[in-house]
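Protein sequences, first through last, are from chains W and C. All letters in the first sequence, in the order written, are residues 956 to 1758 by the working numbering. All letters in the second sequence, in the order written, are residues 956 to 1758 by the working numbering.
Protein chains: 2
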Amino acid sequence: MSDAWSLVYHGFDPKAEGLREALCTLGNGYFATRGAAPEASDDGVHYPGTYVAGCYNRLKTEIAGRDVWNEDLVNVPNWLPLTFRPEGGEWFDLRDVELLDYRQELHLATGELRRALRYRDSGGRETSVASRRFVHMAHPHLAAVETTIEPLNWSGTLDVRSALDGRVVNNGVARYRRLNNRHLEAVETEAVGDDAIFLRVRTSQSRIDLAMAARTHVYPNGSLKNTDRRLVQDAAYIAHDLTVPITQGAALTVEKVIALYTSRDHAISECGLEARKAVGRARTYDALLRTHARAWEHIWRRFDIAIVPDREDGDDKRELRILRLHVFHLLQTASPNTIDLDVGVPPRGLHGEAYRGHIFWDELFIFPLLNLRMPEITRALLMYRYRRLDEARIAAQEAGFQGAMFPWQSGSNGREETQQLHLNPKSGRWLPDRSHRQRHVNAAIAYNVWHYYQVTEDLEFLSFFGAEMFLEIARFWASIATYNADHGRYEIRGVMGPDEYHDGYPDTDQAGLLNNAYTNLLAVWVLCRALEVIELLPQNRSQELCEKLAISPDELGRWDEISRQMRLVFFDDGILSQFEGYERLDEIDWDRYREKYEDIHRLDRILEAEGDTPNRYKLSKQADVLMLYYLFSTEEIKELLERLGYTFSPDAVPKTIEYYMARSSHGSTLSRIVDSWVLARSNRPGSWELFTEALESDVRDIQGGTTPEGIHLGAMAGTVDIVQRCYSGIDTRGDVLWLNPRIPEQLRCLRLRILYRGQPIELDMERDRLMVTSLPSAAHTIQLGFRDEIFQLRPEETREFSL
Amino acid sequence: MSDAWSLVYHGFDPKAEGLREALCTLGNGYFATRGAAPEASDDGVHYPGTYVAGCYNRLKTEIAGRDVWNEDLVNVPNWLPLTFRPEGGEWFDLRDVELLDYRQELHLATGELRRALRYRDSGGRETSVASRRFVHMAHPHLAAVETTIEPLNWSGTLDVRSALDGRVVNNGVARYRRLNNRHLEAVETEAVGDDAIFLRVRTSQSRIDLAMAARTHVYPNGSLKNTDRRLVQDAAYIAHDLTVPITQGAALTVEKVIALYTSRDHAISECGLEARKAVGRARTYDALLRTHARAWEHIWRRFDIAIVPDREDGDDKRELRILRLHVFHLLQTASPNTIDLDVGVPPRGLHGEAYRGHIFWDELFIFPLLNLRMPEITRALLMYRYRRLDEARIAAQEAGFQGAMFPWQSGSNGREETQQLHLNPKSGRWLPDRSHRQRHVNAAIAYNVWHYYQVTEDLEFLSFFGAEMFLEIARFWASIATYNADHGRYEIRGVMGPDEYHDGYPDTDQAGLLNNAYTNLLAVWVLCRALEVIELLPQNRSQELCEKLAISPDELGRWDEISRQMRLVFFDDGILSQFEGYERLDEIDWDRYREKYEDIHRLDRILEAEGDTPNRYKLSKQADVLMLYYLFSTEEIKELLERLGYTFSPDAVPKTIEYYMARSSHGSTLSRIVDSWVLARSNRPGSWELFTEALESDVRDIQGGTTPEGIHLGAMAGTVDIVQRCYSGIDTRGDVLWLNPRIPEQLRCLRLRILYRGQPIELDMERDRLMVTSLPSAAHTIQLGFRDEIFQLRPEETREFSL
């Protein structure tokens, strides 16, 4: 059985390899590498994916007679190939041999992947192979793989081949295969010194150079041996072949250290020169592993979360192990190494090609975890948005709005990259796609700026970068809102909420919805906070910004007015309507569809294949309205509704939750996070059930086939954040760190360490007790709120509360 | 006469053009452009330089039979060529016509360069030409030039040529012309749409793509007219030729807007695509000028300094105008647009090719100004060093030391780029160069980290980046110090101080000096502050860093020990000796040399040409020891000396100043800054005289020919900082903003606005009165120190002190 620090698979299962590859991807925020087998297939077509952060490539592709822009995450040259053949036979291939034993372990504590196998080949030779690898967390340009081969019943010679392969294609997502999938052009290959090879490729459209060097050493009987090498060289492929005598019972270790640089990197002279220099300087596998493991140790000290379930039977480490796996994968995409890169967080991480590396709104689920652990990462990711503010301004202008309108799917230069058409694999039809109307992504960005500031009090960031984005987003919301004299209120037309099942009204060609509750309330929130942001800044900075953006007092007055007169629609019983006209839609016959189809997560595809549309029904992919209770505390919702002149009734909350949960297909992995969160106080068993389901999303690939396309980073971070913020009741508001723990029945205790305003704080919770300790630091005393009371917590002070 | 916001030249002076070009360079932190004439010379060889920040190019060159690495600042394609010919004659060339009138104005407030001239050509045609241009401060990728041509006594047709020229070479520095000066390779040229041209070049070694697009519009009689264009196209040159009818007395305006992107830029898809898109979107010259001027207005509000001299005769705005010119030029190299770039501050700015864009220690003179006005820029420049920390670690290791050893001349990837040989133009000899032994650059970097933190209290930066650099530098100093049992003290061997006249002892081949006072005392200061840094960080971060860097308590003990037992050498009268053995050197016969040579700033070159060496004499290029009084207050020096067990005698200070000032040739422009500073309290007239001399360094090119090679950014910033910190007595120490003004007799009053710990503060000083006002802000109350007393200053509070 796996412990809480490792993921173990026994046996080789070709059918599960896609899933395993995604779950065993190794990365460091700069690049990541999939690939399950200890040797890589060498057929020049199919490769394990290897991605590099921030390298996008944009190609025009013809689909279904229409031009479609297609921006792809770049596969970097494959550095894994390290294979062998005994006695000049066939190169080792897992699929062609008789496997006697196979075991794969992902070590979360150290970020190392290990594989051990024994096999018998057609010549009756039995051999054991042990392989391990990592992508270095402290030296982001380095990775290493080591393979140890031991002949169990034979002696002879062994050929070893160590290659770099730039012929990779993007083929990780089956339904994208009709798109152009070749994005790398060969530039050069060459030998470097005595022991290394070098490969340079260039992305075909974005002209990014990727340079990789690999050094291969062999250690028969544990000590380094110089061996003659033969160079195998092609335009985009290069290998060193080494022939070594090998003796029964004596292990041969082959070590390959690689360095990857791109022309986008900072502090380089030229990426090829840096890559060659770096492998020349690199130490051995074991020495590199030590500094790599130490970096992970430090990361875990900041990011770990400890839960002890209240049971002793079965796999009592399962939840903890999966939570750690989730943190582990988040940190492969966003890590200390991300801080100096111009990158966002793609929804599938650096783990797979789905969504082509575009940046969506998933940060909303990811930032809270990062904010409270290593806010430098959040700051860097917000800078990614800030750099694309000009593009968002132009997008707003072109759409007839003011301010900045960030795209739903943001491409490399901040351009809208949402597909115009999408394929329903169930019907085989290409359909118009209106999802770019999800303007709510703009509210998510503003929300993230605000919460980064709340947690860090980083006035310098807010002043210099955040406020400008915030004000431009507020202005966008003010300009998209139109006054409707019939209601005496402002409304927002033609948008989509997070629930992608609804992109318009049935029996009309008009796109988008009217008064989506989620969008409208978020817009109100943004406008309120924008007015607050102006007050927070030093007066000379507010003045500068208002002049630069030409914001007049009249405009601020309009923001205030809209924030008090936005329209929301309620059902008669006080339940907030997902959008105007929702009440006129039909109820769907859930039983009929559950009976007819094995999996109804994607009811939209089912309905379309049947010639129907989800727009006709009261159903959702994920419940929009409930997102409001995920983002805001009940107090905040009450405040917003009362500002708008609506009545807030506490009774309506559980009714609203029940109403929408009954009508959700959980077509998004984020849906369970939200639902578990909103149930946490009212229905703890139900919340726990959804939480554990969400935990399994990727580990068991519950949507059937989506994990091999890349993991679901938002859902992964979201599960950790349920434990971190929802169970602990953390709320960072008004310069106070509020705590209001409510631990589920299923847990005995919960421990975590957060960073609040520069001050490390330890939280230790049991069912009836909360201990808060402020660690030694030169930072300031913080304000701690427990239920309704505020306390001062000095560095090195501990406070205990009864629950 | 020029006012305090402009620099005006009358008449065209070919001999002064190099100087004027440097002083009229326009830039925005991303790129800068020289070039004085309204038309550019079109001969394919000599061009006005145009530089782009952070693009270095490294080539191996053979000099004097030795390999020399030569890393150059990259000239980007020349975008200035916008020329014309009346009636199909010769293209306009200033040198070939009869100039009737010529006036050139650099407008500091708006960052616009204007030229107006009238001329008569060989056909007797009189024409007036008005030209203006800017490099955009708010849109860093844009620049624009506008030329208005009016035939005064003729009508006919006019050909206009608007070009982009990638055939530029680096030839701005005469003595570098034997080095390889061609760094750009042609890639492509093409027309874009109806009205634009496009050029792409690539740097030959660093493989950086530079893409430039230019849009040319003509406005006869003020309104846009579509005109047929002919394309003139070559591999690295492209132009649009337009023919326009022109009438006596009717002005024709030609507008050219350009966009420059490089493959190093953030938030791009591909640099060529972005450049084309940007000129397509760009508005007119006037519209762009408005947003450009507003950006400058905001910058001036933060950076301006006001002084009123106590005289009414003569040019009473001269000092103020030059101070503003200095701020103006600093901001062309380091500006808000620098914040997101991986760049340092080259000693000659982006203004010229001298020192090839390498990064030295000049930041020491530049950061104090930036820290107190826009610390975001300093933070970004410190990140430039942090990114090169690994390279500095390897340099230390290779030299047999521990920690990090930053290079004296830092190249693109942080590698030591100090020349191994240098040319003495006086003797024509290539000589071994030992200046890489100026290890004191490491103390300067630590000093800058510390003072950035003191001014901003940015614990996040210190914790995440600054501390690691600081500790590694401290460790370097600890490892280069060796214990000498004879003295019972530690000493440092084989280094050079800032005074480059001394690189060893006479009559020995051994390089470097023993116990350079400047180096040793700075090393002590770094070790003391390093111990303090560890205490400042949150405990978990200190622990992380100590583990990562393997710093043991024993090592910290050793730092403490060295910081108490470093050796300094004093003369008998208590004057600190520049280095051990200085007292045995000869006095030089100053009169003899002053008589024999017109200019003795560079006595080193004179002596070498005479077969002698400055190593034999008690003389300095700039006085090392006095730098200590520039960097530290008397209280700090006393503290350091007493820690070392030496006696501090206040009497020794003036004696020390007098001793070394008498022996300095001011071979560096930084020398006068330091000397003016250290005299400010004891000899106000002498200080003022040196200050005004320093002010003239570039404006009058007092070193004779060095300004055309690029301005002296350290000296420029230094003069402003004399007014800012020295006259106001600003000292940021121990969480207190100390003020102790001493205004020179020559000034009536002095006003400036600084930013201290996020709080904008206005200082208004007269001879007998100091007013301190804290502007409205949500920031914190600050601690204000006046003489020996500490006050709390709340936002919106004013305090007045008598002087």
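In this text, a Cβ means the ideal position worked out from N, Cα and C, and glycines have one as well. Bear in mind that the values here come from a model prediction, so they are computed numbers and not experimental data.
- Cβ proximity to chain W below 9 Å picks out nothing from the stretch 1113-1143 of chain C.
- Phe1431 (chain C) places its beta carbon 9 Å or farther from that of Gly1512 (chain C).
- For Ala1222 (chain C), the chain W residues whose C-beta falls within less than 7 Å of its own C-beta are Asp1297, Arg1342, Arg1343, Asn1368, Gly1369, listed in chain order.
- With contacts defined by Cβ atoms closer than 9 Å, Pro1362 (chain C) and Leu1376 (chain C) do not form a contacting pair.
- In the three-state scheme derived from DSSP, where H, G and I count as helix and E and B as strand, Trp1693 (chain W) is classed as strand.
- In terms of Cα proximity to Ser1418 (chain W), the closest of C:Leu1054, C:Arg1712, C:Pro1095 is C:Arg1712.
- Asp1559 (chain C) has a beta carbon lying at 9 Å or more from every beta carbon in chain W.
- When secondary structure is reduced to three states using DSSP, Cys1010 (chain C) falls in the strand class.
- Residue contact check for Gln1494 (chain W) against chain C: a CB pair falls below 9 Å.
- In terms of CA proximity to Ala1672 (chain W), W:Phe1322 leads the group W:Phe1322, W:Arg1392, W:Leu1207, W:Leu1562.
- Between the alpha carbons of Asp1528 (chain W) and Ser1518 (chain W) lies a gap of roughly 24 Å.
- Listed along chain W are Arg1236, each with a C-beta nearer than 9 Å to that of Ile1349 (chain C).
- The three-state secondary structure of Glu1140 (chain C), taken from DSSP, is strand.
- Burial is judged here by how many other beta carbons sit within 10 angstroms of a residue's own beta carbon; His1442 (chain W) has fewer than 16 and is exposed.
- Judged by DSSP secondary structure, Thr1687 (chain C) falls within the beta strand (DSSP E) whose first and last residues are 1686-1688.
- In the DSSP assignment, Asn1397 (chain C) falls outside any beta strand (DSSP E) and within the unbroken alpha helix (DSSP H) covering 1396-1411.
- Straight-line measurement puts the Cα of Tyr1057 (chain W) at about 6 Å from the Cα of His965 (chain W).
- Distance from the CA atom of Cys1226 (chain W) to the CA atom of Leu1336 (chain C), rounded to whole angstroms, is 22 Å.
- For Ile1517 (chain C), the uninterrupted alpha helix (DSSP H) run begins and ends at 1508-1520, by DSSP.
- Only residues of its own chain outside the window of five on either side were considered, and among them Val1450, Met1451, Gly1467 have a CB closer than 6 Å to the CB of Arg1392 (chain W), listed in chain order.
- Under a 10 Å Cβ-count criterion, Arg1547 (chain C) is classified as exposed, with fewer than 16 other Cβ atoms of the shown protein chains found around its own Cβ.
- Against chain C, the beta carbon of Pro1731 (chain W) has neighbours under 8 Å at Pro1493, Gln1494, listed in chain order.
- The stretch 1180-1197 of chain C and the stretch 1065-1074 of chain C do not touch, with fewer than 3 CB-CB distances between them shorter than 8 Å.
- Using beta-carbon distances, Cys1704 (chain C) does not count as an interface residue toward chain W, since no partner is under 9 Å.
- Across the structure, Asn1136 (chain W) and Asp968 (chain W) are spaced so that their CA atoms are roughly 27 Å apart.
- Counting the other CB atoms within 10 Å of its CB gives Gln1577 (chain W) a total of 16 or more, which places it among the buried residues.
- Excluding residues up to 5 positions away in sequence, Arg1708, Thr1728, Leu1730 lie with their Cβ nearer than 7 Å to the Cβ of Glu1717 (chain C) in the same chain.
- Proximity to Pro1041 (chain C) across C:Gly1304, C:Arg1088, C:Thr1198 peaks at C:Thr1198, based on C-alpha coordinates.
- By the Cβ-count criterion, Gln1287 (chain W) is buried, with 16 or more other Cβ atoms from all chains shown falling within 10 Å of its own Cβ.
- If you ignore the 5 residues before and after Arg1680 (chain W), its C-beta comes within less than 7 Å of the C-beta of Pro1323, all in its own chain and listed in chain order.
- Shown here, Asp1114 (chain W) sits in a strand according to DSSP, grouped into three states.
- When Cβ-Cβ separations below 9 Å define contact, Thr1411 (chain W) makes contact with chain C.
- Here DSSP, grouped into helix, strand and coil, assigns Ser1619 (chain W) to strand.
- In the three-state DSSP reduction, Pro1291 (chain W) falls in the helix class (H, G or I).
- Per the coordinates, the alpha-carbon of Tyr1585 (chain W) lies some 41 Å from the alpha-carbon of Arg1087 (chain W).
- Between the beta-carbon of His1195 (chain W) and that of Ile1152 (chain W) there is about 6 Å, and that keeps the pair under the 8 Å contact cut.
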